Amino acid sequence: MKKFTIYLAGDGLPHMKKQDIFLIFIILVIAACAYCAHYYIAPPEGNYVEVKVDGVIEGTYSLSEDQEIVINGGTNVLKIEDGKAKMIEADCPDQLCVHQKEISAAHESIICLPNKVVVQTVTGNESGIDAMTN
Ligand SMILES: [Zn+2]
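In numbering that gives the first Met the number 0, the protein residues as written are 0 to 133.
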C-alpha cells in the first residue's frame, strides 16, 4: 500500500497529462448518460399490450399512450390510461373481463373467455414491436 501511495504522489500524477484526465472525464460522462438513458427512457417505452383474438394477434399498443381500443369488431373495448390497461366494455354474458384488475406490468393479462380475447402486457424487447410505426 505504501509503495503505491509513493508511486502516485511522486511519479504518477506529474506524468498524467491533462488530455488523459479530460478523456477519462468524457468516458465517465458518456457512461453516466448511457446509464441514465437506459434507466429513465427505456421503461416507459418498453411496455406494450398485445391483443389476441382466438390466438391471433390483432394489435400491439403502447401503454404510454392513452387510447381506447376496439377489439374483435366491437365485442370488447380496452382502455389505456396512465400506463395501465383495463377492459371497459364487453358483450360477454359473464362480464368477468370487465371486472378484472387493470394491468401494467409485464406478463399480466386480461382474458375474456367467451369472446376468446386475451390482452397481455409485454415489454418492447420480447415482441416484434420494431415493425410497428411509432
Ligand atoms: Zn368478457
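Every residue, glycine too, gets a C-beta built ideally from N, C-alpha and C.
Computed from a predicted model, the values in this text were never measured in an experiment.
On the three-state DSSP scale, how would you describe residue 89? Working through the sequence shown from its first residue, we reach residue 89 at position 90. Per DSSP, reduced to three states, the secondary structure at residue 89 is strand.
Give me every residue whose Cβ sits closer than 5 Å to any heavy atom of ligand 1, in chain order. Those residues having their beta-carbon less than 5 Å away from any non-hydrogen atom of ligand 1 are, in chain order, 89, 91, 96 and 111.
List the DSSP bridge partners of residue 60. On the sequence shown, residue 60 is found 61 positions in, with the first residue counted as 1. Paired residues: 48.
So the beta strand (DSSP E) residue 32 belongs to, where does it begin and stop? Stepping through the sequence shown from its first residue, residue 32 is reached at position 33. Not the beta strand (DSSP E): residue 32 falls in the alpha helix (DSSP H), residues 17-35.
Between 65, 90, 99 and 49, which has its C-alpha nearest residue 78's C-alpha? If you number the sequence shown from 1, residue 78 lands on position 79. Considering only alpha carbons, the answer is 65.
Just checking my contact of residue 70 with residue 57 at CB under 8 Å: how many whole Å lie between their CB atoms? Working through the sequence shown from its first residue, we reach residue 70 at position 71. Working through the sequence shown from its first residue, we reach residue 57 at position 58. In this structure, residue 70 and residue 57 form a Cβ contact; the two beta carbons are roughly 6 Å apart against a cut-off of 8 Å.
Answer yes or no: the CB of residue 116 versus the heavy atoms of ligand 2, is any distance below 7 Å? Annotation note on ligand 2: not contained in the displayed structure, which lists ligand 1 as its ligands.
According to DSSP, simplified to helix, strand and coil, what is residue 75? Here residue 75 refers to the residue found at position 76 of the sequence shown. Residue state for residue 75 is assigned as strand, using DSSP reduced to three classes.
Starting from residue 108 and walking both ways along the beta strand (DSSP E), at which residues does that stretch end? For the purposes of this step, residue 108 is identified with residue 109 of the sequence shown, where counting begins at 1. Secondary structure note for residue 108: its beta strand (DSSP E) is the uninterrupted segment 108-111.
Could you have a look at residue 117 and say whether DSSP puts it in helix, strand or coil? In the sequence shown, residue 117 corresponds to position 118, counting from 1. Note: residue 117 maps to strand in three-state DSSP.
Take the Cβ of residue 47 as the centre, count every other Cβ of all protein chains shown within 10 Å, and call the residue buried at 16 or more, exposed below. Locating residue 47 in the sequence shown gives position 48, where the first residue counts as 1. Residue 47 comes out buried.
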